[in-house]
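Take a look at the structure below.
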Amino acid sequence: MILRKKTRKFHIGTVGIGGDSQITVQSMTNTDTQNVDETVDQIHRLEAAGCDIVRVAVLDADAATAIRAIQDRIKIPLIADIHFDYRLAIKAMEYGADGIRINPGNLGGEEKTALVVEAAKQHNVPIRVGVNSGSIEKDLLKQYGYPTPDNSSALIESALRNVRLVEKYGHDKIKISIKSADVLTTINSYRQLAKKTDYPLHLGVTEAGGLIAGTVKSSVALGILLSQGIGDTFRISLTRDPVEEVRVGFELLRSLKIRQRGPELISCPTCGRTRIDLFGLAEEVEKFVQTMESPLKIAVMGCVVNGPGEAKQADIGVAGGNGIGIIFKKGEIWKKVKEDELMDIFMAELKLMELESLRDK
Ligand code: SF4
9 MILRKKTRKF HIGTVGIGGD SQITVQSMTN TDTQNVDETV DQIHRLEAAG
59 CDIVRVAVLD ADAATAIRAI QDRIKIPLIA DIHFDYRLAI KAMEYGADGI
109 RINPGNLGGE EKTALVVEAA KQHNVPIRVG VNSGSIEKDL LKQYGYPTPD
159 NSSALIESAL RNVRLVEKYG HDKIKISIKS ADVLTTINSY RQLAKKTDYP
209 LHLGVTEAGG LIAGTVKSSV ALGILLSQGI GDTFRISLTR DPVEEVRVGF
259 ELLRSLKIRQ RGPELISCPT CGRTRIDLFG LAEEVEKFVQ TMESPLKIAV
309 MGCVVNGPGE AKQADIGVAG GNGIGIIFKK GEIWKKVKED ELMDIFMAEL
359 KLMELESLRD K
């Protein structure tokens with residue numbers, strides 16, 4: 009059982025962050041925010057994948073004003089991501105952003121940050137103070153050195169300095185992120201930071217990489233932190249379709265038994281006993297499973313001899329043999345089927361179980 013660190017609670021739009029709120033999965037669009045149709049389409053796909061909060065980049069005034077039109081067509085809260093130009097942060101809030109992500113250190117001075125914080129208070133908009141290894145102030149780098157796994161002081165002090173600046177102007181709906189591209193630095197930094205603040209923490213490894221490298225790095229860093237009760241919300245950063253970020257995020261939460269969304273797919277790695285095209289079968293089932301909502305455990309196994317036993321915990325599973333396949337439930341054979349009919353019968357039963365499971369909810 010994971011004992012979660014106590015943090016303050018507030019809402020971004022309708023979604024709770026920190027305190028007893030569930031840990032939320034975020035992603036960021038990679039469309040041009042001015043292109044409302046494309047951005048809304050991508051956010052709809054993110055919503056379908058379970059994304060709790062979405063962030064969009066605001067690079068200019070047109071992107072800031074587009075927020076209203078985007079907001080009108082989506083269900084989840086929207087955070088505007090702003091660098092350098094404090095006016096964009098203010099405009100984004102005027103046009104309905106539920107949250108903003110800024111690095112107060114790069115907004116052009118305290119006066120400008122003060123104006124942003126004033127606007128945030130006025131619109132009741134939480135601020136994410138997001139610093140990363142590349143944006144640390146020079147004096148802190150000089151004093152503490154570039155962040156390493158053994159010394160994250162510059163990163164932490166930079167975040168706390170910027171948090172104090174926001175507090176100074178009377179706003180306390182703050183969450184903090186301190187990102188590094190290095191896994192050990194990320195773990196160490198957030199551990200230290202969690203001891204120094206009770207603001208909610210937004211976790212992430214920045215520039216984590218493509219699907220495999222990014223998933224591994226993010227899962228190691230965030231898995232360790234979340235398992236120690238640190239972190240209230242997170243984004244898995246991948247050089248991929250952002251929908252994949254959300255899928256990886258939910259698998260991570262599922263693996264830690266923190267939060268479950270949709271079915272769990274179990275599939276064997278295959279071995280010399282495999283007599284069917286298991287990769288193709290697993291891919292087809294995986295595609296279908298992404299459209300399901302029920303918490304069923306579904307297995308796709310390579311052989312009829314060991315498959316049902318190895319996947320005993322599955323509510324329903326399929327195992328391929330030599331021309332014949334079996335469909336099993338909780339380790340017991342339910343039906344023997346000719347291989348060419350296996351997929352259709354399995355899918356039909358899966359759909360039926362999904363309907364029953366949702367009806368019983
Ligand atoms: S289920 Fe069968 S094919 Fe798959 S790994 Fe186990 S023994 Fe091999």
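For the sequence shown, this note's numbering begins at 9 and goes up steadily by one.
Even glycine gets a Cβ: it sits at the ideal position worked out from N, Cα and C.
Checklist entry - Is E318 near the ligand SF4, with its Cβ less than 8 Å from a heavy atom? => result yes
Checklist entry - To which residues does DSSP link K187 through a beta bridge? => result Secondary-structure assignment with DSSP links K187 through a beta bridge to N140.
Checklist entry - Residues bridged to T241 by DSSP? => result T32 and H210
Checklist entry - Going by the C-beta, is M300 closer than 8 Å to any heavy atom of the ligand SF4? => result No; taking the cut-off as 8 Å, the Cβ of M300 has no heavy atom of the ligand SF4 nearer than that.
Next on the checklist: Using the three-state DSSP reduction, which class does R102 fall into: helix, strand or coil?
Outcome noted: One point to set straight first is that residue 102 is Glu, not Arg, in the sequence displayed. Residue state, collapsed to three classes: helix.
Item to check | Cα-Cα separation between S197 and L360, rounded to whole angstroms | outcome: 48 Å
Next on the checklist: Would G107 and P134 qualify as a contact pair, given that the criterion is a beta-carbon distance under 9 Å?
Outcome noted: yes
Checklist entry - Is the closest heavy atom of the ligand SF4 to the C-beta of V313 under 8 Å? => result yes
Next on the checklist: According to DSSP, E272 sits in a beta bridge with which residue or residues?
Outcome noted: K305
Next on the checklist: Under 8 Å: does the beta carbon of A322 sit that close to some heavy atom of the ligand SF4?
Outcome noted: no
Checklist entry - Taking just the CA atoms, how far does E272 sit from G288? => result Rounded to whole angstroms, the gap between the alpha carbons of G288 and E272 is 18 Å.
Item to check | Bounding residues of the beta strand (DSSP E) (the contiguous stretch that carries I332) | outcome: I332 to K337
Next on the checklist: Could you tell me the alpha carbon to alpha carbon distance between A6 and N43, rounded to whole angstroms?
Outcome noted: It is not possible to answer for residue 6, since the shown part of the chain is limited to 9 through 369.
Item to check | Option nearest F354 by Cα separation, candidates F258, V224, V308 and G315 | outcome: For F354, the nearest C-alpha among the options comes from V308.
Next on the checklist: Taking 8 Å as the cut-off, does the region 14-25 touch the region 192-211 (at least 3 CB pairs, one atom from each stretch)?
Outcome noted: yes
Checklist entry - Heavy atom of the ligand SF4 less than 8 Å from the Cβ of G310, yes or no? => result Distance from the C-beta of G310 to the nearest heavy atom of the ligand SF4 is below 8 Å.
Checklist entry - Is the distance from the Cβ of R109 to the Cβ of I182 below 9 Å? => result no
Checklist entry - Do the CB positions of S141 and Y154 come within less than 9 Å of each other? => result Their beta carbons are under 9 Å apart, which means S141 touches Y154 by this criterion.
Checklist entry - CA-CA distance, N159 and F336? => result 53 Å
Next on the checklist: L261 and R255 - do their beta-carbons sit closer together than 9 Å?
Outcome noted: In this structure, L261 does not lie closer than 9 Å to R255 by Cβ.
Next on the checklist: Considering only the alpha carbon of each residue, which of D68, Q236, L246 and Q298 lies closest to Q200?
Outcome noted: Q236
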